[in-house]
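Protein chains in written order, with full-length UniProt numbering: chain A, 1 to 351; chain B, 1 to 351; chain C, 1 to 351; chain D, 1 to 351.
See the structure below:
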């Protein structure tokens, strides 16, 4: 973050002020050196009321178009519904903004490809898709160790995204539009696997699933527990597991196995450094939600985006983005869609 | 072990005195109350010489037929090459012996079925196939907790058999006859999964693999790292991983996930209760081989076999065998062969 | 942090810009909502040069008196040499400032008492001594659990402060003025023990020590490994361990044991959530220094100070400070001095 | 165990058939190659009735004198009340037997010395005091690593013996004769510390304690939680903790810290390799009693005794006993008594 210019901060406008949008906005407003939260927009009055209180320095808009028209905004930060992401990225690029967009880019492969194509005409702009797991310090450390050769040649990733069971079944109502468990959850593991394995292309996938608790998923063709295998070019492999029904907390973990060793990230999803000793044994309390687990990653992700834009401005040779590119996001959607197809057909899907 | 009659011990004859056979023989000779090692046989003079020294009380034979003809042998213990198992079990049953046989029953499904059929005519005899993992105290504890409802309804097992890399590649030379990684290693995980999930039948499997280090496997169509998904009737699932290339030791572990919790067995393959603190961090040294990991299981397995024969003799109601039955072994081979087929065809295999 | 008034932030002046002072200054400048870093002072030109670059918004002074004279400074933040703390706190209170001061208050009990007495005349001012461990999220969680009765009545604390061995022996040169291992390191454990046990007074202590590696300590009567027992009123106990010679990292941990359970904080000093699997076993890399271990605690400590001053201003009923008071710091010094005396005399010291 | 002669086994007679005596007797009867349980004695008819059933091959006696008179007994195994140990060892030596005796040798230092003196006249006999912890495989591994120099020069041991709280307070009734918590429990930690540190002599000790739950201990001057420091010659140190009031199980652990690293044994007292995931977090169930924790150690201890007698017989150069000698037991009692004195006087005790 050498290149950060505190005197000329990156002026960011956040679009979308739901639960996650508010977190991003507060990070950008108060915790990211080199950035200012210049503006925010939401179509909901409740969100704007919250923003007037919590983000007093930001200009507030009801319309995304107005945010884009604000010439004192350098970058937009999209935390809007997934279905809007692709279109809003294109608009932002055409308005000359840098773009950070929450995952997923789009559930539709063709639409992902369209955004990739548009972005090629705006090569001067930074575009990052928010696969925040890459910025978690433990994932960062594992990535650095892999790059340094600590495990030889990495050839297998095992990765899971498992949520604490929500008896209310929020995600059941969300199932018709979420794309299902693989596109909603496993997409993170897909990105982690490709990132740790050197960004290979997938060649074939297979998926299976079960409904353990939430029968309501059946009508949208979704499951609450899914397992998958993904084969990549060059004999590299991944195994994925996603669950909505954990009893103990949000349990997100990954392993990368190489020819000379392995690394596990987050083997026990402990909330902190406390162990409790009582009549049930010795236990670690677990992180309840991905917010708790990845709070720090969301912040570092924002700091990294600002640093990368600053590096661009300073003309630094691009060493490749740390965050997920549009191409990475396209590949994640392509694989996620193939997993979904495999779940439905019971057959392996060749890519 | 109430029913054990020390005055009239079970007289066991071991066939096969290789590395594992010797361990079984010593357990039976010195560590299994209610059993005596009455006899042993091996076609190799070196084995017999070892036995004369280590097993002075046992009658020694060069031929299996002579062991079977020994009327003072109640049970045979087969630790012979896998290809001989099926035939030797049939012969033993026909000679009126109880039979313990190391896994696998056979790599051939039809041959497994034939043995199952023969055994139906000898219902008074105990026949157990040596899936020793079931007898490991931690697996036993997990099984008991599942039976007691501690995790609700179990629906997913993840299980792995991972060996310390052998740079000599012993298993490479063994590959043409071992049946490959899934029939040699994963067969244990298949048995564990079915056992923990209530012995369901498999409906469909998919497998993939990679050669990380041992190129010599290519000509026998084998891999040194394999991953697989197995779907069972009733929406139950399993994920398997097998590896020949671990850097840290033999890492055999399993998880069973239910609707109200989960159990993990052997998450860190620590050799013992020691943690080492040094400049590299805080570490657990790992079990180097499956012998080290399952030494106790091999012993308890033998004790359980003797207790089950004693219970039969005492006319105790059969509550079902704790060890793997011939039917369990048949199903393990059936699934293992389907995994092998899937690895070779790249397609899911319906059972 | 309800009471934070972003429009009227607390204006802080940092005194002392060494390694730790710089960290505090950057936290206050960029990471503490409700605070601004208004000023900083150091007698060293190198520090001021650093500050001109890193803290462009702060007014810089060479003299502490000038910082105190700055009417646009509401609170001073003392990260100066320990010997100056007591005098500077008194001066700051007399200048009408709130005060945060790094530990220790003073190595001299009488001087601690003098500051306590002065502070009684300035009850409207917030004074906190920087025992940052209290603000670490895991220590916070343990404290909350104790308060909630999770372990019954707490009666024993075991706590340690162990540093990675420094072959250069920086602390050896520092030994003549540091007060020795118990006043320099164990003082944190003393504060933690009293805090978790309900702030009892000590009645008797005993200490012993050894020089494992750093013979240079002998002439100042210090040791590089010290152990101690502290008895408190009401049958409460503490055991302390301090070391300068760890091979694996900074290993700071504490346990609190109660009549119905126990809590351990930081049992393994893992740097992050990564486990490394290699030929040496499975290991966690450790936090190298207390900076790495307590980075977050230093920040939360600053945020809490600002929130407490804001709460005072808002007239909120004082529920007692979360941070260490002057009385806490006095008691820590009193106990630390008794430990030192016990180490030198070989006899228990009654307080 | 090279020297074991299966044809001429060591003929052992067990004295005392309480809970622990029965375990020793069964180990010797069925699980120790090279030994036979030739005889057993107990003054209680219930014990003898149990033995007739469980140990059919043993000659049974009501009087210890008759056991000693049995010429077909080579070694006696004392699991009698502690107060009888010293006298019975002397009698056994005078009858020409080898002796294994459960700890403690005696609570009286002078009596310990007397036995040591008597034993010097019977140098051909093996005498081992049952500090079984030395034979636990993890303690063995740590000892071997220390001997191999893995942690440099060891200078500090921290060791604890903590029992699951017994609401019935069996040990309260036992307190008047047990010698109190340090002589009953910590004596194991004393032996471990000396063993790992190279058998140094203690120079000074200090102890303190608290009654957390069992007020009934007050009248016998005992506590249910005790802490202690022990200084040894050569600047070596130990810290001890003993408790009768743990909520989670028997938690026996030790650490040995050296100039180049450290080893921890039994950091988490997990019952086995299972982790339970449920709404309370991720937990290990703990070993409930020392029987569960040290079952294997009791067996290996017996095997080692038999091997050492066999080695003596074979004229092997004595490399020093692995088990505790009478001199070790004397030193443990000397230190334990000093701890008790320190607890009562509140002063350090010089040895």
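Heads up, the beta-carbon is just placed ideally off N, CA and C, and yes, glycines get one too.
What is the rounded straight-line gap between the Cα of residue i and the Cα of residue j?
i	j	result
residue 259 of chain C	residue 164 of chain D	11 Å
residue 308 of chain D	residue 104 of chain B	41 Å
residue 193 of chain D	residue 262 of chain D	14 Å
residue 172 of chain A	residue 269 of chain C	40 Å
residue 251 of chain B	residue 38 of chain A	53 Å
residue 25 of chain A	residue 138 of chain B	48 Å
residue 72 of chain D	residue 11 of chain D	7 Å
residue 239 of chain A	residue 276 of chain C	19 Å
residue 363 of chain C	residue 111 of chain C	For chain C, the structure presents residues 1 to 351; residue 363 of chain C sits outside this window and is missing.
residue 17 of chain C	residue 183 of chain C	23 Å
residue 356 of chain B	residue 77 of chain B	No information on residue 356 of chain B is available, as it lies outside the stretch 1 to 351 that chain B covers here.
residue 23 of chain A	residue 142 of chain A	26 Å
residue 159 of chain D	residue 325 of chain D	20 Å
residue 14 of chain A	residue 9 of chain C	25 Å
residue 61 of chain A	residue 310 of chain A	26 Å
residue 1 of chain C	residue 58 of chain C	Caution applies to residue 1 of chain C, whose pLDDT of 39 falls short of 50 and renders its modelled position unreliable; the value that the coordinates give is listed next. Between residue 1 of chain C and residue 58 of chain C, the C-alpha separation is close to 24 Å.
Looking at the structure shown, is residue i part of a helix, part of a strand, or coil, going by DSSP?
i	result
residue 272 of chain A	strand
residue 292 of chain C	helix
residue 63 of chain D	coil
residue 98 of chain C	strand
residue 284 of chain C	strand
residue 32 of chain B	coil
residue 266 of chain B	coil
residue 124 of chain C	coil
residue 302 of chain D	helix
residue 278 of chain C	strand
residue 13 of chain C	strand
To which residues of the same chain is residue i closer than 6 Å at the C-beta, ignoring the five residues directly before and after it?
i	result
residue 332 of chain C	187, 190, 191
residue 214 of chain D	169, 172, 224
residue 243 of chain B	162, 225
residue 300 of chain D	135
residue 70 of chain B	39
residue 202 of chain D	230, 232, 335, 351
residue 352 of chain B	Residue 352 of chain B lies beyond the range of chain B shown here (1 to 351); nothing can be said about it.
residue 282 of chain C	275
residue 348 of chain B	204, 206
residue 29 of chain C	37, 55
residue 156 of chain A	237, 257
Among the residues of its own chain, which have a CB less than 8 Å from the CB of residue i, if the five just before and after it don't count?
i	result
residue 109 of chain B	330, 333, 334, 337
CB-CB under 7 Å to residue i, same chain, minus the five flanking residues each way: which ones, in chain order?
i	result
residue 200 of chain C	194, 232, 233, 234, 236
For residue i and residue j, which I take to be in contact (beta-carbon distance under 8 Å), what is that distance rounded to the nearest angstrom?
i	j	result
residue 66 of chain A	residue 97 of chain A	Not a contact, Cβ separation roughly 13 Å.
residue 92 of chain C	residue 68 of chain C	6 Å
residue 279 of chain A	residue 122 of chain D	Incorrect: roughly 49 Å between the Cβ atoms, too far for contact.
residue 294 of chain B	residue 133 of chain B	7 Å
residue 353 of chain A	residue 21 of chain A	Outside the displayed span of chain A (1 to 351) sits residue 353 of chain A, for which this structure offers no information.
residue 273 of chain B	residue 253 of chain B	Not confirmed; about 18 Å, so no contact.
Review point. Taking the runs of the beta strand (DSSP E) that are 3 residues or longer, which of them lie wholly in the UniProt domain "GFO/IDH/MocA-like oxidoreductase" (139-263) of chain C?
Key: The qualifying runs are 154-164, 202-210, 225-232, 236-246, 251-258.
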